[in-house]
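Protein chains: 4
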Amino acid sequence: MQLGMIGLGRMGANLVRRAMRDGHECVVFDRNRDAVETLVGEGAVGVGSLAELKDKLTAPRAVWVMVPAGSITDSVIDELAETLDSGDIVIDGGNSYYRDDIRHAEQLAERGIRLLDCGTSGGVWGLERGYSLMIGGDADAVATVEPVFASLAPGVDAAERTPGRDGEPTPAEHGYLHCGPSGAGHFVKMVHNGIEYGMMAAISEGLNILHRANIGADDQASSDAETAPLAHPEYYRYDLDLAEVAEVWRRGSVIGSWLVDLTAAALVESPDLAKFAGRVSDSGEGRWTAIAAIEEGVPAPVITAALGSRFSSRNLDEFADKALSAMRKQFGGHDEKPAAGL
Amino acid sequence: MQLGMIGLGRMGANLVRRAMRDGHECVVFDRNRDAVETLVGEGAVGVGSLAELKDKLTAPRAVWVMVPAGSITDSVIDELAETLDSGDIVIDGGNSYYRDDIRHAEQLAERGIRLLDCGTSGGVWGLERGYSLMIGGDADAVATVEPVFASLAPGVDAAERTPGRDGEPTPAEHGYLHCGPSGAGHFVKMVHNGIEYGMMAAISEGLNILHRANIGADDQASSDAETAPLAHPEYYRYDLDLAEVAEVWRRGSVIGSWLVDLTAAALVESPDLAKFAGRVSDSGEGRWTAIAAIEEGVPAPVITAALGSRFSSRNLDEFADKALSAMRKQFGGHDEKPAAGL
Amino acid sequence: MQLGMIGLGRMGANLVRRAMRDGHECVVFDRNRDAVETLVGEGAVGVGSLAELKDKLTAPRAVWVMVPAGSITDSVIDELAETLDSGDIVIDGGNSYYRDDIRHAEQLAERGIRLLDCGTSGGVWGLERGYSLMIGGDADAVATVEPVFASLAPGVDAAERTPGRDGEPTPAEHGYLHCGPSGAGHFVKMVHNGIEYGMMAAISEGLNILHRANIGADDQASSDAETAPLAHPEYYRYDLDLAEVAEVWRRGSVIGSWLVDLTAAALVESPDLAKFAGRVSDSGEGRWTAIAAIEEGVPAPVITAALGSRFSSRNLDEFADKALSAMRKQFGGHDEKPAAGL
Amino acid sequence: MQLGMIGLGRMGANLVRRAMRDGHECVVFDRNRDAVETLVGEGAVGVGSLAELKDKLTAPRAVWVMVPAGSITDSVIDELAETLDSGDIVIDGGNSYYRDDIRHAEQLAERGIRLLDCGTSGGVWGLERGYSLMIGGDADAVATVEPVFASLAPGVDAAERTPGRDGEPTPAEHGYLHCGPSGAGHFVKMVHNGIEYGMMAAISEGLNILHRANIGADDQASSDAETAPLAHPEYYRYDLDLAEVAEVWRRGSVIGSWLVDLTAAALVESPDLAKFAGRVSDSGEGRWTAIAAIEEGVPAPVITAALGSRFSSRNLDEFADKALSAMRKQFGGHDEKPAAGL
């Protein structure tokens, strides 16, 4: 089928490529002309405006928006509301807040245009592995775009069948799912990312414990007077090869996962991860998941702690730490120790 | 090669089966005679005592101990110290505390017997999938037992090769790793389980957020006077099919993992998980990982929170909760609300 | 000065009493006629409607609203916007969300009415101890109402002077503070309550650790097969008198605080807190503080964990716990243990 | 009565001063002769060795040890075991691990010497405020030393009586408590410090949230592409005076506490806490409390998070953070953002 694509960054361009591999005709737009030309060179139809994009597509049109969430998505939706016709379908495949989907869907519905929100997981590997697609919105619109979803998804063969399932595989078994009404796709994707934060933090904390497993070999006498020395240094004398540890976890272990696979790859590239400073960004979904948990009254200590670790990696707890030192100084006369005396 | 196995529970019996499939000759012992007979029926040599087990094996013997960690392991090690000969090898494949390995290794070394500690991950699926093996102890002993480790491990083909690796696959790429001296294997396995706790909690928290995503459909007026009603019930009106959600995450998503696979299977069996009460056991490794983090001075908020969630699932925070209610009553005159008014 | 009071519950009635003790003339309204009559019996002027309340007060009027936050506050503000005159002042002393203050202030400003948001801490003891008042809004309006704030606050003598301060005591030293523009008062009060959650949880967790300090005296052999028995039961053989422990912390200790005072009182009443079930309510501020931390990108692990503990005290983590048990069953064949085997 | 004091640092010297004020005769020793001379100048009897200290005291002797916990305490206990007579009493007033008390008590009991472990809270202010004393060990020995405990404690008048108590005040109401057998005093003190960690962290987190309450005034457009900009900057436009906020919380609020008093003092000295770097030490009790919670199977999320925040204040999570960045780079091609782009 025909698919319009707005936004040809890392994700958008690869979605187009994967769709074209399966025979879909893609009409592509980006403010960056070079990005358009690159995909034209690979078989896409390039356009220079949304009006032109509309003209190149046959109604009912399916237009995928793959731009940074927030104000940019807002303005593209505004423009599409003006440009497209009743019956057309907009798919927001970015990392939009699901509450924005509800607003955007209402805005487009006033023009008869249907919005599908599509949480798209897979990152830079999606071109080869396929994308996990979590979709919200009108069922008829989902049915119309289904051939594209099926092409972008990894397909049934990407995993062994879940025990207990039989009969014709469901769309979820192909790798795409109509989760519910507007916002449901991005809601599920949001929680997916919250889980991702938690998993990543679990792995990272574990690696850090392994990384420090040899501190018993350090001179205990030199340790900070404010920190009790190790009572049993003999229990912390393991000099571990983390790249090999991550590798052994890839086969047969309970924590086997794509994130462990990627960790193993990262540790092959750089066993001490020296090229990273450890300033970890967060892009919204983790925050929104934590807020959803709070509003639902659901404890989410792991996901929330994972989010907080990212904040503290960027030193956003500095003032709190200063306040702790100030209190210790007040009641105990304790001066801060210099950095050398960890 | 020949392998002795002591302990024929779920794990021990399957280790024997997998070893025999690859041609190893297994001499098996368990206090439970039926367990021995079952494996004899599958080709193992059954024995009725450790002395007999010793007699059936050719020196240097390799004896795998697969019994519950703690006092039972202690007594088996005691008995093996009396029974085996210098040069023999004991493999503790259970979930022993790595500090006990150090003690057991010293105890056995007095008799010239070598101890390998072998963290064994894979659960009831290991028979088919193979086991991830994390080994500590003497390198020569590891080399002697290597044919068995190689058979029990999943093998190179169980995962695609990690980018950046080339040449002959390392043992870790087969699924077994000599991590370091005594205790190193169980140390790495301990941290593996700590990560497992964190990952499991991340997934569970996420599912709980999805499970409650429809609370906006409840009558807000009836909500507890002590809990602010939802400011925006319209954002919590998703009635999600969790089995399908878990399924769609199995292909192409960032959180793709064996634990998500198992979650998907569990939700097919029981979409509301009604057969579980939610009392979650913990068996030591999570606690030990959290303690190691504390002793190393390493923050491990996710792993520690995951451990705490298990404690609170067993209501071990009850007195603390009562103290909170007591304080609220004291300063605000707040009475507890009955359970209906969540 | 004259003060109107709308809402004569536990807090509102005591505010009136404390104001009257200092000579202020109070005009009081509540839907509950008995509540009005009670205060009339103590010297207040009772009215039956907001219109009447307006008539009894001389412009510029000061009307304190002390009703449950949310929709009730909304409707009172709506009615006051219709009733009062330009130049009048409304004080919202309840636990309103500071974002609602901003909205209410704009709404009232259209009529020339000024809103002060006043976070009011002190609970049922405020009548005797005085209230800590955190105020947001227009400085002129604060100055107009200052005589009332000064009467309600505890006064300078309620605490020793902070070292380093000299000169005339500031309003904060009296116990009331103009924090900033609209919402600033409730923002500071919100964070105050977030801190309160954290402090309460710290005390409760500590008491729980003391409460369980005698578990080493239990029969270790009977412990759950899935939980490692205590390695050193000899370290957990303290049968502590918690009421006495809380009492000793009241004098000279670093954690000396009103919350410890109240805890000591609760433990005198009920040493085992048996009259509480441990279902802990939360009323909004804790959630809002946690959300503010997330939106600011600030880690708040303690406050957030304290909030989560309240959720789990109401069993809102049940589905997550079931999911954990389900996963354990899947990979390890582990059945849940019955409740007796904690 | 007579009291020997070993260790004349900040705490030891003030204990001597407070005991002497109440008429006790103090015999003091420290390796640092100047410290001895200073107290001799204030009325103490100085000695140059433990043997001399023994000679100056009448049996049964009471010798208070106030030296850094760990190996120094070990060696002093060793020496006292050799020096003192059967029937004498040693009081360990330092921050020893309660498990060491059990060992020390057994060691001294072999010589007929009794050990009291005495958790001593109060810091540098104890001289004036008195000390909160949590005592473990033999009841007869406690009775013998009681006059000293009573002098060091703050006394009944230091706080209003707890409602519900009547009759003769208990020792706890004076500020000292015999908690139980050996180790019980330091166990209770350990948990006290765990609570202290939690309270301090709660206050610090709250201050940090207030400190960042004005970020909505920043230019949102310049924010990091990896961090969603504030959806509602209008809600974060409060420029708060934290010294005044801490001050207003000192009177009448629910969080009123000595720690808030000290925080208020620190903020008067340095409103932006600029003289602190935010590297927060930990000295053992927090770690031990967290470990006790784990071994008891008790969730202690707040205390544990407070401990973890101290670790991360010293950047001990750096490798974990690098691992997170490495994973993000692997799956999403995300590069770390430079520090300017928080």
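Residue numbers (the numbering used here), protein chains in the order written: chain H, 1 to 342; chain F, 343 to 684; chain L, 685 to 1026; chain V, 1027 to 1368.
Note that the Cβ used here is the ideal one computed from N, Cα and C, for glycine as well.
Residues of the stretch 960 to 977 of chain L in Cβ contact with chain H at a cutoff of 7 Å, in chain order, please.
Answer set for the stretch 960 to 977 of chain L: R971, A974 and I975.
Given a threshold of 16 other Cβ atoms within 10 Å of its Cβ, counted over all protein chains shown, does A559 (chain F) qualify as buried or as exposed?
Taking the second sequence and counting its residues from 1, one reaches residue 559 (chain F) at position 217. Answer is exposed; the Cβ neighbour count stays below 16.
Alpha carbon to alpha carbon, what distance is there between P1364 (chain V) and W406 (chain F)?
The residue you call residue 406 (chain F) lines up with position 64 of the second sequence. The residue you call residue 1364 (chain V) lines up with position 338 of the fourth sequence. The alpha-carbon atoms of W406 (chain F) and P1364 (chain V) are separated by roughly 52 Å.
Sorted by chain position, which residues of the same chain lie with C-beta nearer than 6 Å to L1293 (chain V)'s C-beta, five sequence neighbours on each side aside?
Taking the fourth sequence and counting its residues from 1, one reaches residue 1293 (chain V) at position 267. The answer, listed in chain order, is L1268, A1269 and A1272.
Measuring straight from C-alpha to C-alpha, what distance separates G175 (chain H) and T144 (chain H)?
The count along the first sequence starts at 1 and reaches residue 175 (chain H) at position 175. The count along the first sequence starts at 1 and reaches residue 144 (chain H) at position 144. Answer to the nearest angstrom: the Cα atoms are 17 Å apart.
Looking at the unbroken alpha helix (DSSP H) that takes in I1221 (chain V), where does it start and where does it end?
In the fourth sequence, counting from the first residue as 1, residue 1221 (chain V) sits at position 195. From DSSP, the alpha helix (DSSP H) with I1221 (chain V) extends over A1210 to H1237.
Who are the near neighbours of V409 (chain F) in its chain, counting only those whose CB is closer than 7 Å to its CB and skipping five residues on each side?
Working through the second sequence from its first residue, we reach residue 409 (chain F) at position 67. Once the five neighbours on either side are set aside, the close Cβ partners of V409 (chain F) are I348, G349, T415, V418 and G436.
Anything in the stretch 1164 to 1193 of chain V with a Cβ closer than 7 Å to a Cβ of chain L? List those residues in chain order, please.
A1179, P1180, A1184, A1185, T1188, P1189, G1190 and R1191
How would you list, in chain order, the residues of chain L whose beta-carbon sits under 8 Å from the beta-carbon of T1196 (chain V)?
The sequence position of residue 1196 (chain V) within the fourth sequence is 170, counting from 1. Within chain L, the residues near T1196 (chain V) are E928 and E931.
Identify the continuous alpha helix (DSSP H) that holds G286 (chain H) and give its terminal residues.
Numbered from 1 along the first sequence, position 286 holds the residue referred to as residue 286 (chain H). That run of the alpha helix (DSSP H) goes E285 to E296.
Determine whether the Cβ of A386 (chain F) lies closer than 8 Å to any Cβ atom of chain H.
Taking the first residue of the second sequence as position 1, residue 386 (chain F) is located at position 44. Not one chain H Cβ lies under 8 Å of A386 (chain F).
Please confirm if T263 (chain H) has its CB atom under 8 Å from at least one CB of chain V.
Here residue 263 (chain H) corresponds to residue number 263 of the first sequence, with the count starting at 1. It does; some Cβ of chain V falls within 8 Å.
Could you tell me which chain H residues have their CB closer than 9 Å to the CB of P1255 (chain V), listed as they occur along the chain?
As a first step, residue 1255 (chain V) must be located in the fourth sequence, where it is residue number 229. By Cβ distance, chain H contributes G70 and S71.
At the 8 Å Cβ level, is W942 (chain L) part of the contact set with chain V, yes or no?
For the purposes of this step, residue 942 (chain L) is taken as residue 258 along the third sequence, with counting starting at 1. At least one chain V Cβ lies under 8 Å of W942 (chain L).
Once you ignore the five residues that flank H1204 (chain V) on each side, which residues in its own chain have a CB closer than 6 Å to its CB?
What you label residue 1204 (chain V) is simply residue 178 of the fourth sequence in a count that begins at 1. Counting only Cβ-Cβ distances below 6 Å, and skipping sequence neighbours, we find I1161 and V1168.
Would you give the residue range spanned by the alpha helix (DSSP H) that V832 (chain L) belongs to?
Within the third sequence, residue 832 (chain L) is the residue found at index 148, counting from 1. It spans A823 to L836 - the alpha helix (DSSP H) in which V832 (chain L) sits, taken as one unbroken run.
So, under 8 Å CB-CB, I773 (chain L) and V1217 (chain V) are touching, yes? Tell me the CB distance rounded to an integer number of Å.
Translated into positions along the third sequence, residue 773 (chain L) becomes position 89. Translated into positions along the fourth sequence, residue 1217 (chain V) becomes position 191. Not confirmed; about 48 Å, so no contact.
Going along the chain, which residues of its own chain have a beta-carbon closer than 8 Å to the beta-carbon of R621 (chain F), five neighbours each way excluded?
As a first step, residue 621 (chain F) is located in the second sequence; it is residue number 279 there, counting from the start. Cβ within range, chain order: S655 and R656.
Quick one: residues in its chain with C-beta nearer than 7 Å to the C-beta of T83 (chain H), no 5 flanking neighbours on either side, listed in chain order?
To locate residue 83 (chain H), count along the first sequence from 1; it is residue 83. Excluding sequence neighbours, T83 (chain H) sits near L50, A51 and K54.
State whether the stretch 191 to 208 of chain H contacts the stretch 533 to 542 of chain F, with contact taken as three or more CB pairs (one from each stretch) at a distance under 8 Å.
yes
Quick check on DSSP: helix, strand or coil for Y235 (chain H)?
Counting from 1 along the first sequence, the entry for residue 235 (chain H) is found at position 235. DSSP places Y235 (chain H) in helix when its eight states are reduced to three.
Using a beta-carbon distance cut-off of less than 9 Å, what residues from the stretch 1322 to 1348 of chain V approach chain L?
E1322, G1323, V1324, P1325, A1326, P1327, V1328, I1329, T1330, A1331, A1332, G1334, S1335 and S1338
What is the residue span of the alpha helix (DSSP H) that I477 (chain F) lies within?
The residue labelled residue 477 (chain F) in the question sits at position 135 within the second sequence. Segment S474 to G478 is the beta strand (DSSP E) holding I477 (chain F); no alpha helix (DSSP H) there.
Our contact map puts M1046 (chain V) next to A1070 (chain V) with C-beta atoms below 8 Å; I'd like the distance itself, whole angstroms only.
In the fourth sequence, counting from the first residue as 1, residue 1046 (chain V) sits at position 20. In the fourth sequence, counting from the first residue as 1, residue 1070 (chain V) sits at position 44. Rounded, the Cβ-Cβ distance is 7 Å, consistent with contact.
Using only CA atoms, which one of V:P1173, V:R1155, V:S1351 and V:L1106 lies nearest to R1140 (chain V)?
If you number the fourth sequence from 1, residue 1140 (chain V) lands on position 114. Ranking the options by Cα distance to R1140 (chain V), first place goes to V:L1106.
Closer than 7 Å by beta-carbon distance: list the chain F residues that pair up with E196 (chain H), in chain order.
To locate residue 196 (chain H), count along the first sequence from 1; it is residue 196. Per Cβ cutoff of 7 Å: V596 and I597.
Cβ closer than 8 Å: which chain V residues qualify as neighbours of K337 (chain H)?
Locating residue 337 (chain H) in the first sequence gives position 337, counting from the first residue. Near K337 (chain H) (Cβ distances below 8 Å), the residues of chain V are R1305 and S1307.
Could you check what DSSP says for T512 (chain F) in three-state terms: helix, strand or coil?
Along the second sequence, read from residue 1 onward, the residue named residue 512 (chain F) stands at position 170. DSSP places T512 (chain F) in coil when its eight states are reduced to three.
Would you call the CB atoms of Y1261 (chain V) and R783 (chain L) closer than 8 Å?
As a working mapping, residue 1261 (chain V) is identified with position 235 in the fourth sequence. As a working mapping, residue 783 (chain L) is identified with position 99 in the third sequence. One thing to note: Y1261 (chain V) has its Cβ within 8 Å of the Cβ of R783 (chain L).
Give the DSSP-derived three-state secondary structure of I431 (chain F) in the structure shown.
In the second sequence, the residue the question calls residue 431 (chain F) occupies position 89. DSSP places I431 (chain F) in strand when its eight states are reduced to three.
Assuming the contact rule is C-beta atoms closer than 8 Å, A753 (chain L) and A719 (chain L) should be a hit. Round their C-beta distance to whole Å, please.
Residue numbering aside, residue 753 (chain L) sits at position 69 when the third sequence is read from its first letter. Residue numbering aside, residue 719 (chain L) sits at position 35 when the third sequence is read from its first letter. That pair is no contact at about 19 Å.
For a cutoff of 8 Å on Cβ pairs, would you count F331 (chain H) as touching chain L?
Taking the first sequence and counting its residues from 1, the one referred to as residue 331 (chain H) is at position 331. Closer than 8 Å: yes.
So, is A1332 (chain V) buried or exposed, given that buried needs 16 or more other C-beta atoms within 10 angstroms?
On the fourth sequence, position 306 is the one that residue 1332 (chain V) refers to. It counts as buried.
Would you verify that the beta carbon of H788 (chain L) is, or is not, closer than 8 Å to some beta carbon of chain V?
As a first step, residue 788 (chain L) must be located in the third sequence, where it is residue number 104. Closer than 8 Å: no.
In angstroms with no decimal places, state the Cα-to-Cα distance between P489 (chain F) and T512 (chain F).
Sequence index remark: in the second sequence, residue 489 (chain F) carries index 147 (1-based). Sequence index remark: in the second sequence, residue 512 (chain F) carries index 170 (1-based). Roughly 14 Å separates the two Cα atoms.
Let me check understanding here. Comparing Cα to Cα, which of L:V982, L:G869, L:L946 and L:S967 lies closest to I1241 (chain V)?
The residue labelled residue 1241 (chain V) in the question sits at position 215 within the fourth sequence. Ranking the options by Cα distance to I1241 (chain V), first place goes to L:V982.
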